[in-house]
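One structure is given below, encoded as structure tokens.
Protein chains: 2
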Amino acid sequence: MSQQCGNSRIAGCSFSVHPMTDQFVEYIKGSLKETDTSNVWMDTDEVTTTVRGEIEHVFDVTRAVFLRIAKTGVHTAFNATYSIGCPGDSAGDQYTGDIGEPANGLHEVKQHTSAKFSLYPMGGGDYMEVIYREIDRMKEKGIDVSAVHYATKLSGDVNDTFHGLEDVFRETERSGSSHTVMTVTMSANSPSQKEEQS
Amino acid sequence: MSQQCGNSRIAGCSFSVHPMTDQFVEYIKGSLKETDTSNVWMDTDEVTTTVRGEIEHVFDVTRAVFLRIAKTGVHTAFNATYSIGCPGDSAGDQYTGDIGEPANGLHEVKQHTSAKFSLYPMGGGDYMEVIYREIDRMKEKGIDVSAVHYATKLSGDVNDTFHGLEDVFRETERSGSSHTVMTVTMSANSPSQKEEQS
Ligand SMILES: [Ca+2]
């Protein structure tokens, strides 16, 4: 298949964020501009934005792009495919400078989200126990977890949700899965949810 | 993992459609209401809509929900995960009445889209040749095909694109993949694309 993947140990994410408003261009461009992307390689086309780098930076950047828009109160959807270890390698497209600490902050922002994620560990590994453990950790943080068709549904704080997803992804890779893919769909400020939000 | 899948041979799709306008609720509700869903099981929550049934009906319904909104000219994004043969079976949630022909029409509508798709055949099968053949068929229909990180990019008519994706999905399953997942991200009427569209 004509599909480029990554250098084996470079994590990456192809994602899109959808502010459901006439001013969507300003929201998206504003958020991308404010986000610190100095530790990753990033490219945006008319379908998705692709970010590549270390796992912690890929999650930091995607979380920040979504959260900067969601915290304004506008109904926002986020769709992402996180990937690491894809066998169809491609040269380049990685950040090669000094790697710093995740720089996007926003950890104090409280924002409710409903999300669904699916994990596809395609390269072996002893991941089932890992996944159950990480899901239990999410529950301990106060995230509601339930089973739905084709995914696991999460409901809770955006920062807690992103950190939980990063842990699931990282620990699945650490368990020995040589190619791990995780898809995530998130929604914030949905009109059908507003009554239940804090 | 707490993740429900389907009865082995029931196809399904978890999808969301995002009209980037203040009137997003009217667009989404209107499109879902106008779409003929009499041949599938369908459920909508605040994150995604899930549809389950035969492959041709799952593609017909998802194509129609997206196209009804896209053809109005509003910038619209579509995200979907198609799945068949997921090992974690769940009872029920399938349409059990008489199955008719796909009923959503709209085949005469001309609408440009840019899309990215990724195919994850997770249950064996002799699929590589199948995928190359189906990609060649898409090119013959006039769809531009290119390799990008984590996906294959398609650019062309919405109906041609959906039919091409349905063929890739169906033929991968037929090749012997016991669990096939395909993710799709589409965009129509993107401001950055408008100049090139017919
Ligand atoms: Ca308006």
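Quick mapping for you: the protein sequence lines, in order, are chains A and B. Residue numbers for the first sequence follow UniProt numbering, beginning at 1 and rising by one. Residue numbers for the second sequence follow UniProt numbering, beginning at 1 and rising by one. All C-beta atoms in this analysis are idealised placements derived from N, C-alpha and C, irrespective of residue type, glycine included. Owing to the predicted nature of the structure, the values given are computational and were not obtained by experimental measurement.
Using a C-beta cutoff of 9 angstroms, does ARG52 of chain A count as contacting chain B?
For the purposes of this step, residue 52 of chain A is identified with residue 52 of the first sequence, where counting begins at 1. It does: the Cβ of ARG52 of chain A has a partner Cβ on chain B nearer than 9 angstroms.
Strictly by DSSP, which residues pair up with MET138 of chain B?
Taking the first residue of the second sequence as position 1, residue 138 of chain B is located at position 138. Beta-bridge pairing links MET138 of chain B to no other residue.
Along the chain, where does the alpha helix (DSSP H) that runs through GLY164 of chain A open and close?
Counted from its first residue, the first sequence places residue 164 of chain A at position 164. Looking at the DSSP string, the run of the alpha helix (DSSP H) that includes GLY164 of chain A is 158-174.
Show which residues of chain B have a CB atom less than 7 angstroms away from the CB atom of VAL25 of chain A.
Your numbering for residue 25 of chain A matches position 25 in the first sequence. Residues of chain B passing the Cβ test: PRO191.
Exposed or buried, which one is ASP89 of chain B when buried takes at least 16 other CB atoms within 10 Å?
Taking the second sequence and counting its residues from 1, the one referred to as residue 89 of chain B is at position 89. In this prediction, ASP89 of chain B scores a pLDDT of 49, lower than 50, which makes its location untrustworthy; no coordinate-derived value is stated.
Rounded to whole angstroms, what's the CA-CA distance from GLY53 of chain B to PHE15 of chain B? Just pull it up for me.
What you label residue 53 of chain B is simply residue 53 of the second sequence in a count that begins at 1. What you label residue 15 of chain B is simply residue 15 of the second sequence in a count that begins at 1. For GLY53 of chain B and PHE15 of chain B, the distance between alpha carbons rounds to 14 angstroms.
Using CA coordinates, which residue listed in A:VAL184, A:MET186, A:VAL17 and A:PHE169 is at the minimum distance from SER178 of chain A?
Indexing the first sequence from 1 puts residue 178 of chain A at position 178. Ranking A:VAL184, A:MET186, A:VAL17 and A:PHE169 by Cα distance to SER178 of chain A puts A:PHE169 first.
Grouping DSSP H, G and I as helix and E and B as strand, with all else coil, what is TYR120 of chain B?
One-based indexing of the second sequence puts residue 120 of chain B at position 120. Three-state result, TYR120 of chain B: strand.
Chain A contact for GLU166 of chain B (CB, 9 angstroms cutoff):
By 1-based counting over the second sequence, the position of residue 166 of chain B is 166. Not closer than 9 angstroms to any Cβ of chain A, the Cβ of GLU166 of chain B fails to qualify, so no.
Looking at ARG68 of chain B and SER31 of chain B, is the spacing between their C-beta atoms short of 9 angstroms?
As a first step, residue 31 of chain B is located in the second sequence; it is residue number 31 there, counting from the start. As a first step, residue 68 of chain B is located in the second sequence; it is residue number 68 there, counting from the start. Yes, the Cβ-Cβ distance between SER31 of chain B and ARG68 of chain B is below 9 angstroms.
Boundaries of the alpha helix (DSSP H) in which VAL60 of chain A is found, first to last residue:
For the purposes of this step, residue 60 of chain A is identified with residue 60 of the first sequence, where counting begins at 1. A small fix is needed here, since residue 60 of chain A is Asp in this sequence, not Val. Start and end: 55-70.
List the residues of chain A whose Cβ lies closer than 9 angstroms to the Cβ of THR21 of chain B, in chain order.
Here residue 21 of chain B refers to the residue found at position 21 of the second sequence. The contacting residues are MET20, THR21, ASP22 and PHE24.
Taking the beta strand (DSSP E) that VAL148 of chain A belongs to, which residues open and close that run?
On the first sequence, position 148 is the one that residue 148 of chain A refers to. Run containing VAL148 of chain A: 144-148, per the beta strand (DSSP E) assignment.
According to the Cβ coordinates, are ILE55 of chain B and ILE99 of chain B closer than 9 angstroms?
As a first step, residue 55 of chain B is located in the second sequence; it is residue number 55 there, counting from the start. As a first step, residue 99 of chain B is located in the second sequence; it is residue number 99 there, counting from the start. No; because the gap between Cβ atoms is not below 9 angstroms, this pair is not in contact.
Measuring CA to CA, which of B:VAL25, B:ALA11, B:GLU26 and B:THR21 is closest to VAL25 of chain A?
Locating residue 25 of chain A in the first sequence gives position 25, counting from the first residue. Measuring from the Cα of VAL25 of chain A, the nearest candidate turns out to be B:THR21.
Under a CB-based cut-off of 9 angstroms, is MET182 of chain A close to chain B?
The residue you call residue 182 of chain A lines up with position 182 of the first sequence. Not one chain B Cβ lies under 9 angstroms of MET182 of chain A.
On the criterion of 16 or more Cβ atoms from any shown chain inside 10 Å, does SER192 of chain A qualify as buried, or is it exposed?
Along the first sequence, one-based indexing puts residue 192 of chain A at 192. Flag for SER192 of chain A reads exposed.
Determine the extent of the alpha helix (DSSP H) in which TYR82 of chain A is found, giving its start and end residues.
Counting from 1 along the first sequence, the entry for residue 82 of chain A is found at position 82. Counting along the chain, TYR82 of chain A falls outside any alpha helix (DSSP H), though it belongs to the beta strand (DSSP E) covering 76-84.
Suppose contacts are defined by Cβ-Cβ distances below 9 angstroms. Is ALA70 of chain B in contact with VAL184 of chain B by that definition?
Looking up residue 70 of chain B in the second sequence gives position 70. Looking up residue 184 of chain B in the second sequence gives position 184. No, Cβ-Cβ distance for ALA70 of chain B and VAL184 of chain B is not below 9 angstroms.
Determine whether the Cβ of GLU140 of chain A lies closer than 9 angstroms to any Cβ atom of chain B.
The residue you call residue 140 of chain A lines up with position 140 of the first sequence. No, GLU140 of chain A does not count as interfacial toward chain B.
Min CB distance GLY148 of chain B to chain A below 9 angstroms
Position 148 of the second sequence, counting from 1, holds the residue named residue 148 of chain B. According to the sequence as given, residue 148 of chain B is Val; it is not Gly. Output row for VAL148 of chain B: interface = yes.
Closer than 8 angstroms at the beta carbon, the chain A residues around LYS116 of chain B
The residue you call residue 116 of chain B lines up with position 116 of the second sequence. Within chain A, the residues near LYS116 of chain B are SER14, VAL47 and THR48.
Does the count of Cβ pairs from the segment 143-159 of chain A and the segment 116-127 of chain A closer than 8 angstroms reach three?
yes
Mind checking whether MET122 of chain A and VAL181 of chain A have CB atoms under 9 angstroms apart?
As a position in the first sequence, residue 122 of chain A is number 122, starting the count at 1. As a position in the first sequence, residue 181 of chain A is number 181, starting the count at 1. In contact: MET122 of chain A and VAL181 of chain A (Cβ atoms closer than 9 angstroms).
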